[in-house]
Structures are given as structure tokens and as C-alpha cells.
Amino acid sequence: MESQPLLEAAPVASSLAAPHVLVCDYGSLWTKGALLGRVDGVMRRVATCAVPTPVADDGLADIRSATDALAGKLRSLTGAPDFSGSESDERSPQVELFPAGSAAPALNVVIVVPTPALATRVEGMLQGATYTGWVRSGTVTDLLVGDLGALDAHPDLVVLVEGRAGYIPAGELQLLAQLLARTGADTRLVPVLHCYPEDATAASQELLERLGADVVRADLTAKPPRGLGAVRRKLTLVYSRHALARMRGVSDLPLTVVADFLSPVAAQAITAKFVAGALSQRVLVLDAGASSVTGVCAEGADARYTTLSGTGLGRGAPALYGKTGEESIRRWLPFEPQTDEIAVWALNRGLHPLSVPLTLRQALIEGAFMREALRVVIEALDVDAPPDLVIGSGALVRGMKPQAAAVALLDALGAAVPSWQRVTLALDTGNVLLAAGALAAEHPKMAAEVWRFDGPRTVATALAVRGAKRNSVAVACRPGWVAQPANLSIQGGELRVLRPPFGVSADVELTPVKGVRLPGSVKLQPVTVSLQPSAGYPLPQLMVDARPAGPPTGSRRTASVLKCLGDTGVYTARELESV
Amino acid sequence: MNPLPYQLGCSTYTQRQFAARGELRVQVGDRVEPDTVLGTEPARSEPIIVNVAAILRRPPPEVRELLLVEIGEKAPPGAVLARSGSRECRTPEGGMMASYDPVSGLATVLRSKERVELRANVAGVIADLVPGRRVVIETRGAFVEGEWGAGGHAHGVLRVAVQSPLESVPPDELDHRYTYSILVAGRLLTAEVLRRCAELEVRAVLAGGMLPSEFFRFAGASAALPAALRTLPPPERGRPATPAIVLLSGFGDQPLPDGAWRVLRACDGREGSLLAPGWPAKPRLLVALPRQEAPDPRPLVEARLEPGATVRITGRAAGSAIATVLQHPAPRMVLASGAPVEAVSVRTRDGEEARVPLYNVSVIENV
């Protein structure tokens, strides 16, 4: 991140009982841990690592074993003594544990609506709110008569939606009671969320109050819906509580658990909102995981998020392939794949989700999947305006080098939001995006400290050039670090990187040619971009993107993708020759 | 536990349990076959709700007069509950007509009090049981674990249809010798072989690999993913049932692993049971062998990654995918993608020494 103080250094809160904090993100495939501790009186990230999430014989994630493995690995990395913190030994440092994760099975949800026309609409609104498995929606009658198998398996949550467009009539209350009994909601084993407007009463109120239903005052039947954010947040909270009950070893964790289980996307949303407010920017956070891809868009005090559950780069690879199709993956490749090559990669990655690409060819296929995963989640977010700052996390950080990740972010952004103009690209290399969000609920100032010192690293500033003709000069550049004033030119169709020597602060002057639009340039006047190294931006670089907006198309697609990878330094010419 | 995938002369334990509570008919020490009924439990008792008014397209209050089954009367499966002109409303299952709601137009039918059988699905001996809940069946003989499988469970005589793990059986060589069998089809499975197996009522098919294009031809388009990896598509109306499928190496053109080949050849002609619940669970083939062939079976051996172990490397071409571990752990390596990862040093069958990512390695034989 560029070095703007997000918060003045605050005194360390005395309420932290232990010298260390461990934020564990229990993923379906990997358990990631961020160990935080006081360094010179300031809360800092001490170490991060990841271990595969063990699975118990019944197929559920074993988070006790995951925590033990993670603690052992952190101990070997940091030399920290006994993590288990025996109560009988006062000298043993103890660790406060902040748990988060998506390792629990996804939520299966039944949505009850008053009229059939609302079923698809409400289902669409709530999709992506949290890690959902199957969703069944319909009127009371439709659900009772419909697929008995699904209801007999018992959903994890029942959502009853009422509002101005319709209420469950008193005559159907008997059937509603029957439906709630079928789903297990009558015994409070399955929570019920009752959504209806602030100023209204519903005939179903009394019945649902008796069942202990959670009430959210919202009208999802209105156009536009009101209170949707509150309902989505409730779903995330239900997942967090549900997750506790659906993983092994929860009650047996060796460390002191000090906070509720948080879903990763909720923790990221907390951090994104904080950053958006502090920097007064539109922030987009993208996390590509093994079994889910999440996106958070924050501006001011608002944050919107979506989760594509079951779709990812590990176990979720087959679902991603099925969702986007062969051609969508192929267009990002700098070579023509053999028959079945992409599908084999996707299906076998689903069988061996922990495996990594062995060859550059396999890595490029993985990169193509990454771009599609990010594109799909950005489109699902349906952002109103292009972001100012994009932060990548997950496999973007763990699975590829920073330059490759920066180009992947830019490619996905260009495909999903072609109107972007200027954006800062950052990577959560310190793995604190989730840690800060999880810590913020209990210790907000400490979270801000961690973010300030160990937050994401900016990897590039990017500018979009529009209206350029392929292979014709689009922008003339004058980099200030060249001793003799030198003019470079960037042609249409290129993605070029301008980078000053290490440690040098310099400006780049960019002048568009006639017909070309450059952000900040009025009437063909030059634009100056300052590249200054700092703690949060140690290797500043400017990416000038003169490619056509949108994903690569056309017969010269592979050549242009290949050229882009070479021009941006992601791979050397020799490496790309081997592909 | 992570067992070695191909074992001969071992004991495996399979748990079978009721959905809720039931009555067991077996005791510890009883011999069972796959079709043996271990016990029964009551069928689910939730009522069937039928939207009679909607099916007949008549207003709910009018339907009351059109009912052909009175409240309290029993109706067999498929019985006509009500009729209006040419439209009929039938009950999907047998039961008693419990009520009709003239406001909603819904009829409630209470299911007959049937009992559901719990079958063994594997051959063996009852090793342990929890009364009313579950049993554990010990199978002495052979164990083969695949990389992907679906189709539920199947049992039959194991028939190896090829002479080497590199061959693939052509569909026209399959005939009624393979009916009701668990067929080992060789290296590469195709949609044609699967269709031929369905015609012959082969119960299950094992192969080294299958091309995705063949899989999609059989299972529907790629858009059927990921559901198609969990549950095989039902056969078309009037077509024979789909056999269960197991891929021992994964997707793509991959040979039958040598270790699996040895075990399968040794079990050719024996009764086997296949458990393929669907991805991400791995499929397992259990073959019960007589005592003289498995006199002192040992429990399943756990895979151990250590110098000298034989491993399969995911992501390598078939020719260089099998290797021997030289050093574990080895110094970290940097991948082509730029990511640093933990590594293992190996020597492949053709003598190449290399470091490979730790998580791309799976042990197929211990030291």
C-alpha cells in the first residue's frame, strides 16, 4: 500500500491477555495462520504459514488437528515455546485464538416466499451472501409438494420472506407449520430467519416467534429491495455459528478462543470497509481459494460482498470449468491447448486439490482459470464504478509470483469492468487482510496497527489507454530516470511496464496521440505519474494498458497474450519459448 | 488414515449403519454376502402432499366433490385420488388418505408402514456391531483404491478383459461373459465401452483413465459439472442401467497403475464389492479371498512418505509419474509459476533425479 498513515500509532491495548494472537483461517483445503505479537510495543505480524486441513473419518474438517499442525509449524518458524500454554506454568506464553474459516460444509437453505414470482428473484439476491450448498425456494405449497428428498435431508436454515408484494395468508399458516416441521425448524434445530418490513405485521409472526425465529426488518419483495444488506449479514452470521457445529475438534482447541467464529468474507469485508474509509477510495478485494472465490467491494461506509461457493482453483476447479466453459479459459492462454488438455487439468485438480502445476504450461492453464475465477466474481459483485484499489489474496499470493498476480488482476478487471481508468494493484503478501478483520471486532486499534505496518504491498499502478489502434503509437512516454531525455512509445494492443531503477524516485510523463484517451489528460496534454518507493510500495512500476477493453479475442489472441506475458516480465522469453 | 492404495492379503473394515434406528438380524461372527440383509428400520414417516387442485386445474373447494378416495381410505401406489374430465391426480406412493384442505387444494397421504432394508454391500464377517445402529464388516482379501468413482455400490465377479495394463478393451470384444461382472477394461475407458457395458448389464467398470471428452459424451456436457462427478446421470427412459465407474489413475490417457494391475490380476474371477459413493470420496474395491489365499491378513497398511517409498507424481506424464523417494524433506523448490513450495527428492523409473512438490506426491508402496 502507498505509505499513508491509516491510523496514528496507538498505545497497545492493555486488554490483550496473551502476548500472541493467532488468527486461523480454516479453509476447506488449507488452514492458514497469521501469528501476531508485540514488536517494540507495536502489534505486528510475526509469522504466517499454511498446513493442509486434515479431514476426519466422517468427512468433516478436523480443526483441532489443523490447529496443532499450524502451531507446530509456527513454533519451528519462530522458535516460540509452548503454544499450548499450560495453565500450571505461568511462564508459558499463551496465545489468543481468533478463528475464521470456510471449512464447514456449505449452508443448505430453504427460502419461503409468498408468491411464486418472488422465488427466483429473492434466491438471486441471497446467492453469494455466504457459503451456500443447495438452495430451494418457493411458496409454502410448492415446497411441500416439491422435492421431498431435499427437505427430508433437512436444510441448515429456513428464510421466510414477506413484504409489500405479499404475506403468507392466515389460511396457509397450518401448511407453513407443516413445512417448518418437515424441515426440522419446529424443534429449533434448524434456525429460521423471518424477514418482513419495519412498519408491518405478519400473520405468521406469532407462529415464528414461538419457534424462536430471528427477525430482520427488511422488505426483499420491494423494488429495489430494502434491508438486503442486513439479511445477507445475517446469513454470514448463521454460517459462522453453523460452522462451529459442523467441524471436528471445535470444543477441544488447545488455545484460548476469544472470539466468535468468523467467515473469511466477513473478516475481509471489515478490513475493506476500514481501508475504503481511511483512504477515501473504492476498494475491491479478491480472494481466489480452493473451493470458493470471494469478492468484496467497499466505498465509504458501505461494503458489498459475494461468495462463489464450490467454485475455485482446487476442489472447485471442475465447477469453475463447468460454469465458464472451455472457450473462456482458452482465451487467456498464450498457446493452443491440445484436445482435452484444459478439461484434464480441471478434473484432475478437483481430484488432487493440493497439487501444484509442475510445468510452465500447467501454470499458464492455472493462470487462465485464475483470471476467469476473478472475472466471474467481479461480475457477480456488479460494481457501480471501477475501483481505485484492488487487493488480491489467496492463491494470487500463494500460488504465483507478484508480477504474474498483478497482470492476472489487471486482466480480470479489464474483462469484467472495461471502463476502469486508473487503479492501484496490491497483494496481501503478509496475509493480514483476514487477520486484521478478525482482530478488529475485539481490538480495532491493534488491527489498524497490524494493517499499517504489515498490510498489503502495492505492486503496480495501472493506467488504461482507450481508443488506440493496434500496432500504432498510442502514447509517448518520457521516463524521468533516463539521463538523456528519451521518448518511448507505447502502441495500441500493448501492455507495457515502466519501472525506475531500484530505490530511485522519478516521474513518468505520458502524452496521448490524437484520438487516444488517457486518464487525467485533457486535450492531449501530458499526464505525469510519480513513482516513489516506500515501505508499502518498494518497487513502484507503472503498467500502461493499451489493449482493447475486455477479454482477448480474435485470431491473434494467443500471440497478444504471449507478448503481454513477455512485455510485463512475468516470464522470460526463454521460458515462453518452451511453451 | 491414508492407506496404501493397492494391497493384497489385508483386512478392511466397512461400516454399515441405519439412517436412524433399526433392528439388526446379524450377530458378531456371522458371514455375510453383499446382498445379505443386515437388518431393517421403519421407512420415513413424513406424509406425501399432493396438490390435487393444481393438477386438476380446478378451484380447491370444487375438488372435494371430485375425490375418488375418501378420507381414511387406503390407496395403492399410483391410485387415482381425483379425476376431472381427462385429468387425473394420482398418488406417487401407497398410503392412507389423511386429509384434503379445501382452501389450498392439497391432499395429505400417509405412507404405508414399510420397512427399509440395510444390506451389507460387501462380503465378509461381522466384526463388531452397535445394537440398533450399525455393524462393522471385516473383509479379508484385497483392497484397491481408485482416484475417482461414482455409481454407488456394485458387486460381482471381477473380470480382467485385457492382457496388460497398457491395453484398452475394444467394445466389440465385450460379450455376455461379462454380464453382472466388475469389468477391468484396461487403460482408457470410452463412452462406447460404457454403453456396451450398460447393454451387457455389467455392474461396474474399472480403468486407468478416461478422456474428459468421452466422459462428457457419456455424462452430458461439461456444464453438468460438478454434479456429474458426484452422481452418474440416470439412463434414458427404456435404456439399461449405467454401471458404476472407477478411474484408477484419474482423467486423461493414463495406464492402469502397476500395483493395481498386480492385485486385480491376482483377484481375476473372484467376487468383489465396489463402493463408489461419488467425488470427493475415493472409490474402493474389496475382494474377499478364501482363508487359504489370505491366511493371516494384516490390517490396511498406512502410506508412509520416507526415503525408499514408491510414489506417483501428479501432473507428470505417465512415463515419468512413478518414482522412488530419495530424500524427504528436500530443500524447497520454486515452481514455474514462481511460488516456493516444500519438496521431495525422487528418482523416476527412467533414472531421472528431480525435486518435486510435496503435495504432488502420493505413496503407492512403502519401503
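Line by line, the protein sequences are chains A and B.
Converting from the first sequence to the working numbering requires adding 237 to each position, the first position being numbered 1.
Reminder that position 273 of the second sequence reads as 271 in the working numbering, one-by-one numbering, no gaps.
Ideal Cβ placement from N, Cα and C applies to all residues, glycine included.
Small disclaimer: the values here were computed from a predicted structure and weren't measured.
With 16 other CB atoms within 10 Å as the buried threshold, where does LYS510 of chain A fall?
Stepping through the first sequence from its first residue, residue 510 of chain A is reached at position 273. Per the 10 Å Cβ criterion, buried.
Where SER323 of chain A falls: helix, strand or coil (DSSP):
Translated into positions along the first sequence, residue 323 of chain A becomes position 86. Confidence at SER323 of chain A is low in this model, with a pLDDT of 46, below 50, so its placement is unreliable and no value can be given for it.
Indicate the three-state DSSP secondary structure (helix, strand or coil) for SER488 of chain A in the structure shown.
Along the first sequence, read from residue 1 onward, the residue named residue 488 of chain A stands at position 251. Of the three classes helix, strand and coil, the one that applies to SER488 of chain A here is helix, per DSSP.
Contact set between the stretch 303 to 320 of chain B and chain A, restricted to residues whose Cβ is under 7 Å from the partner:
THR312, GLY313 and ARG314
Less than 7 Å between the beta carbons of ILE135 of chain B and ASP28 of chain B, yes or no?
As a working mapping, residue 135 of chain B is identified with position 137 in the second sequence. As a working mapping, residue 28 of chain B is identified with position 30 in the second sequence. No, the Cβ-Cβ distance between ILE135 of chain B and ASP28 of chain B is not below 7 Å.
Run through the DSSP bridge pairs and tell me what GLN290 of chain B is partnered with.
Reading the second sequence from its first residue, position 292 is the one you call residue 290 of chain B. Per DSSP, none; premise fails for GLN290 of chain B.
Let me know the alpha helix (DSSP H) ranges lying completely inside the stretch 211 to 299 of chain B, each 4 residues or longer, listed in chain order.
225 to 228 and 256 to 264
Please work out which residues of its chain come closer than 8 Å, Cβ to Cβ, to PRO462 of chain A, disregarding the five sequence neighbours upstream and downstream, and give them in chain order.
Position 225 of the first sequence, counted from the first residue, corresponds to residue 462 of chain A. The answer, listed in chain order, is MET362, ALA455 and ASP456.
According to DSSP, what are the bridge partners of ASN49 of chain B?
For the purposes of this step, residue 49 of chain B is identified with residue 51 of the second sequence, where counting begins at 1. Note: ASN49 of chain B sits in a beta bridge opposite B:LEU104.
To which residues does DSSP link THR748 of chain A through a beta bridge?
Locating residue 748 of chain A in the first sequence gives position 511, where the first residue counts as 1. For THR748 of chain A, which the question treats as bridged, DSSP gives the partners A:ALA713.
Taking only three categories from DSSP, how would you classify TYR176 of chain B?
Looking up residue 176 of chain B in the second sequence gives position 178. The answer is helix: DSSP assigns TYR176 of chain B an H, G or I state.
Between HIS589 of chain A and chain B, is any beta-carbon pair separated by less than 7 Å?
Your numbering for residue 589 of chain A matches position 352 in the first sequence. Yes, contact with chain B.
Per-residue contacts from VAL101 of chain B into chain A (C-beta, under 7 Å):
By 1-based counting over the second sequence, the position of residue 101 of chain B is 103. The answer, in chain order, is GLY408.
Proximal chain B residues relative to GLN599 of chain A, where beta-carbon distance stays under 7 Å
Position 362 of the first sequence, counted from the start, is the residue given in the question as residue 599 of chain A. Those are GLY313, listed as they occur along chain B.
Beta-carbon proximity list for GLY740 of chain A, same chain, < 7 Å, skipping 5 on both sides
In the first sequence, the residue the question calls residue 740 of chain A occupies position 503. If we look at GLY740 of chain A and ignore the five residues flanking it on each side, its Cβ neighbours are PRO770.
Could you tell me which of A:ASP577, A:VAL613, A:GLY537 and A:VAL759 sits nearest to GLY817 of chain A, measuring between CA atoms?
In this structure chain A extends from 238 to 816, so residue 817 of chain A is not present and cannot be described.
Among residues of its own chain, excluding the 5 on either side of TYR558 of chain A, which ones have a beta-carbon nearer than 6 Å to its beta-carbon?
For the purposes of this step, residue 558 of chain A is taken as residue 321 along the first sequence, with counting starting at 1. Taken in chain order, the residues that qualify are ALA583.
What are the boundary residues of the alpha helix (DSSP H) that THR315 of chain A is part of?
Taking the first residue of the first sequence as 1, we reach residue 315 of chain A at position 78. Where THR315 of chain A is concerned, the enclosing alpha helix (DSSP H) stretches over 300 to 315.
Length of the line joining the Cα atoms of GLY264 of chain A and VAL487 of chain A:
On the first sequence, position 27 is the one that residue 264 of chain A refers to. On the first sequence, position 250 is the one that residue 487 of chain A refers to. The alpha-carbon atoms of GLY264 of chain A and VAL487 of chain A are separated by roughly 14 Å.
Please identify, using Cβ separations under 8 Å, the residues of the stretch 363 to 386 of chain A that lie next to chain B, in order along the chain.
THR378, LEU381, VAL382 and LEU385
Can you check which of these residues, A:ALA622, A:GLU679, A:VAL687 and A:VAL669, is closest to SER656 of chain A by C-alpha distance?
Position 419 of the first sequence, counted from the first residue, corresponds to residue 656 of chain A. Of A:ALA622, A:GLU679, A:VAL687 and A:VAL669, the residue nearest in Cα terms is A:ALA622.
Given that LEU223 of chain A touches chain B, what residues does it touch there, using C-beta distances under 9 Å?
The displayed coordinates of chain A run from 238 to 816. Any statement about residue 223 of chain A would go beyond what the structure contains.
Closer than 7 Å by beta-carbon distance: list the chain A residues that pair up with GLU145 of chain B, in chain order.
Taking the second sequence and counting its residues from 1, the one referred to as residue 145 of chain B is at position 147. Correct list: LEU588.
Please list the terminal residues of the continuous alpha helix (DSSP H) segment that includes LYS269 of chain A.
If you number the first sequence from 1, residue 269 of chain A lands on position 32. Segment 267 to 276 is the beta strand (DSSP E) holding LYS269 of chain A; no alpha helix (DSSP H) there.
Using a Cβ-Cβ cut-off of less than 7 Å, list which residues of the stretch 166 to 197 of chain B approach chain A; keep chain order.
none
Counterpart residues of MET94 of chain B in DSSP-defined beta bridges
Taking the second sequence and counting its residues from 1, one reaches residue 94 of chain B at position 96. Its beta-bridge partners are B:LYS72 and B:LEU108.
Return yes when the Cβ of LEU262 of chain B is within less than 7 Å of the Cβ of VAL375 of chain B, no when it is not.
An answer regarding residue 375 of chain B cannot be provided, because it is not within the stretch -1 to 365 covered by chain B.
Against ASP16 of chain B, what residues of chain A qualify as contacts under a CB-to-CB distance less than 9 Å, listed in chain order?
Numbered from its first residue, the second sequence carries residue 16 of chain B at position 18. Note on residue identity: the sequence assigns Phe, not Asp, to residue 16 of chain B. Under the 9 Å cutoff, chain A gives no residues; its nearest Cβ is about 15 Å from PHE16 of chain B.
For MET(-1) of chain B and PRO355 of chain B, what's the separation of their Cα atoms in angstroms?
On the second sequence, residue -1 of chain B is found 1 positions in, with the first residue counted as 1. On the second sequence, residue 355 of chain B is found 357 positions in, with the first residue counted as 1. MET(-1) of chain B and PRO355 of chain B: Cα-Cα distance of roughly 21 Å.
Look at the alpha carbon of TYR11 of chain B and the alpha carbon of PRO129 of chain B, and state the distance between them as a whole number of angstroms.
Residue 11 of chain B sits at position 13 when you count from the first residue of the second sequence. Residue 129 of chain B sits at position 131 when you count from the first residue of the second sequence. Distance between the alpha carbons of TYR11 of chain B and PRO129 of chain B: 18 Å.
Once the 5 residues before and after ASN358 of chain B are set aside, which same chain residues still bring their CB inside 6 Å of it?
Here residue 358 of chain B refers to the residue found at position 360 of the second sequence. So the list reads ILE311, THR312 and GLY313, once near-sequence residues are dropped.
Does the structure place the stretch 146 to 158 of chain B close enough to the stretch 174 to 190 of chain B that three or more beta carbon pairs sit under 8 Å?
yes
Residue span of the beta strand (DSSP E) that contains GLY824 of chain A, given as start and end
The displayed coordinates of chain A run from 238 to 816. Any statement about residue 824 of chain A would go beyond what the structure contains.
Are the beta-carbon atoms belonging to LEU747 of chain A and ARG784 of chain A less than 7 Å from one another?
Position 510 of the first sequence, counting from 1, holds the residue named residue 747 of chain A. Position 547 of the first sequence, counting from 1, holds the residue named residue 784 of chain A. Taking 7 Å as the Cβ cut-off, LEU747 of chain A and ARG784 of chain A do not qualify as a contacting pair.
Proximal residues of chain B, C-beta to C-beta of ALA622 of chain A below 8 Å
Taking the first sequence and counting its residues from 1, the one referred to as residue 622 of chain A is at position 385. Result: empty, since nearest Cβ-Cβ is about 32 Å, beyond 8 Å.
Looking at the strands, I want to know which residues DSSP matches up with ALA622 of chain A.
As a working mapping, residue 622 of chain A is identified with position 385 in the first sequence. Looking at the DSSP assignment, ALA622 of chain A forms no beta bridge with any residue, so it has no partner.
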